[in-house]
Amino acid sequence: MSRPAHRPTARPAAVPPHLAAFAAEVHAGLTHTPQKELPSKYLYDEVGSALFEVITVLPEYGVTRSEERLLTRYAAEIVEALPADVTVAELGSGSGRKTRRILEALCRKRPTSYCPIEISRSALQLCRRELADIERISIVGYERDYLAGLAEVSRKRASGEQLLVLFLGSTIGNFARLAATRFLRDIRAMLKPGDTLLLGTDLVKPVPTLIAAYDDAIGATAAFNLNLLARINRELDADFDLAAFEHVARFNPDARSVEMHLRAKRRVEAHVGAAQLPVALEAGETIWTESSHKYHADEIPAIAADAGFTCAHQWVEKEWGFAESLLAVK
74 MSRPAHRPTA RPAAVPPHLA AFAAEVHAGL THTPQKELPS KYLYDEVGSA
124 LFEVITVLPE YGVTRSEERL LTRYAAEIVE ALPADVTVAE LGSGSGRKTR
174 RILEALCRKR PTSYCPIEIS RSALQLCRRE LADIERISIV GYERDYLAGL
224 AEVSRKRASG EQLLVLFLGS TIGNFARLAA TRFLRDIRAM LKPGDTLLLG
274 TDLVKPVPTL IAAYDDAIGA TAAFNLNLLA RINRELDADF DLAAFEHVAR
324 FNPDARSVEM HLRAKRRVEA HVGAAQLPVA LEAGETIWTE SSHKYHADEI
374 PAIAADAGFT CAHQWVEKEW GFAESLLAVK
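In my numbering, the protein residues as written are 74 to 403.
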């Protein structure tokens with residue numbers, strides 16, 4: 074099944090402006106029928122970002138190590154395929170660790186401007202600390218949603234300057250198939266001939282391997298998922314009992330995706346003050362928090378073409394199963 078779209082919702086009254094969108098989306102998601110849901114982007118507050126950094130080094134979660142192997146091996150080759158003068162804009166930079174090899178290869182050739190785009194302020198701060206030691210790099214962070222940040226970077230670029238957009242770490246997998254294509258089209262609409270997009274995609278692999286990657290033995294992913302309710306408690310004046318929920322990872326074969334849910338272990342009643350919302354869940358009912366769609370490497374060129382790109386190059390890491398595709402503006 075595909076993840077249902079959110080219904081339009083009125084902005085809750087008397088909510089601080091910086092929390093209004095959060096409250097509205099929580100209201101929309103927790104009143105969605107038949108499946109309650111919450112947007113995965115809100116998993117990444119300061120606590121969530123720190124927990125995700127832990128997840129990336131767990132033995133069960135091979136995505137980050139696979140991508141780092143690819144970028145270490147092919148960074149110079151990727152840079153050789155780029156225009157002479159590029160500004161780098163990264164959508165969802167996280168700590169920036171996975172981006173280091175590309176930036177080092179660019180900075181060996183010329184001074185480079187790097188613009189990480191993140192909704193998490195703590196992730197941006199971590200990214201600056203992680204990458205500040207690279208010689209000849211200039212870092213300007215944008216605390217924005219992906220598209221708003223990219224629009225600003227594109228608008229501010231100098232005449233004749235090309236953009237390299239990085240969308241790494243398989244984050245495209247958080248979108249349903251059609252939504253992923255629409256998102257790539259939105260990116261394409263902000264780019265010009267000569268611009269490029271380096272897209273990371275996690276590839277299909279055995280189901281037990283996938284489930285283990287999203288339900289690790291030490292419970293880091295469970296804590297990451299449950300922190301979303303804790304964040305709603307902290308920021309939106311809610312009273313969810315975290316002990317009443319358990320983390321669940323399940324594979325959806327029709328969508329080729331791993332879904333993360335929070336399942337009520339008993340009947341739960343809560344209230345989200347900032348969203349003016351009473352919430353009730355029956356025992357066994359879930360809140361859908363994230364999907365991670367998996368791809369076949371050979372389907373990326375067609376998806377790229379549908380979004381207005383040409384797949385100029387592709388590099389595949391076979392040990393875990395991950396692809397980096399360099400998409401050029403048609």
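All residues carry an ideal CB built from backbone N, CA and C; glycine is no exception.
(request) Sort N325, E308, W388 by Cα distance to H344 and report the nearest one. (result) Within the sequence shown, the letter at position 271 stands for residue 344. When each option's Cα is compared against that of H344, the closest is E308.
(request) Tell me T95's beta-bridge partners as DSSP assigns them. (result) Locating residue 95 in the sequence shown gives position 22, where the first residue counts as 1. The sequence as given places Phe at residue 95; Thr does not occur at that position. DSSP, once it has assigned bridges, lists no residue as partnering F95.
(request) Could you have a look at V331 and say whether DSSP puts it in helix, strand or coil? (result) For the purposes of this step, residue 331 is taken as residue 258 along the sequence shown, with counting starting at 1. If DSSP states are grouped into helix, strand and coil, V331 belongs with the strands.
(message) Beta-carbon within less than 6 Å of S398's beta-carbon, same chain only, minus the 5 sequence neighbours each way: which residues are those?
(response) Taking the sequence shown and counting its residues from 1, one reaches residue 398 at position 325. Same-chain partners within the cutoff: L272, I373, C384, Q387.
(request) Indicate the three-state DSSP secondary structure (helix, strand or coil) for A78 in the structure shown. (result) As a position in the sequence shown, residue 78 is number 5, starting the count at 1. Because A78 sits at a pLDDT of 45, beneath the cut-off of 50, its placement in the model cannot be relied upon, and the following sentence gives the value as read from the coordinates. It is coil, neither helix nor strand.
(message) Can you find the residues in the same chain that come closer than 6 Å, C-beta to C-beta, to T137, ignoring five residues on each side of it along the sequence?
(response) As a working note, residue 137 is residue 64 in the sequence shown. Cβ neighbours of T137 beyond the five flanking positions: T129.
(message) Give me the DSSP bridge partner(s) of S365.
(response) Within the sequence shown, numbered from 1, the residue matching residue 365 stands at position 292. The partner list for S365 (beta bridge, DSSP) reads V331.
(request) Rounded to whole angstroms, what's the CA-CA distance from L299 to N306? Just pull it up for me. (result) In the sequence shown, residue 299 corresponds to position 226, counting from 1. In the sequence shown, residue 306 corresponds to position 233, counting from 1. Between L299 and N306, the C-alpha separation is close to 11 Å.
(request) Leaving out five residues on either side along the sequence, give the residues of the same chain with a beta carbon under 8 Å from the beta carbon of T185. (result) In the sequence shown, residue 185 corresponds to position 112, counting from 1. Excluding residues within five positions, the ones whose Cβ falls inside 8 Å are V159, T160, V161, L176, L179, R209, I210, S211.
(request) Output the residue ranges of the alpha helix (DSSP H) runs that lie fully inside the segment 102-185 and measure 4 residues or longer, sorted by chain position. (result) 119-128, 136-153, 173-182
(message) In this structure, how does DSSP classify F297 when only helix, strand and coil are distinguished?
(response) One-based indexing of the sequence shown puts residue 297 at position 224. Residue state, collapsed to three classes: helix.
(request) Measure the CB-CB distance between A347 and L103 and report whether it falls below 7 Å. (result) Position 274 of the sequence shown, counted from the first residue, corresponds to residue 347. Position 30 of the sequence shown, counted from the first residue, corresponds to residue 103. Their beta carbons are not under 7 Å apart, which means A347 does not touch L103 by this criterion.
(message) Counting C-beta neighbours from all protein chains within 10 Å, is the total for K403 16 or more, i.e. buried, or is it exposed?
(response) The count along the sequence shown starts at 1 and reaches residue 403 at position 330. K403 comes out exposed.
(message) Taking the beta carbon of D327 as the centre, do at least 16 other beta carbons fall within 10 Å, making it buried, or is it exposed?
(response) Your numbering for residue 327 matches position 254 in the sequence shown. The residue in question, D327, is exposed, as its Cβ has fewer than 16 Cβ neighbours within 10 Å.
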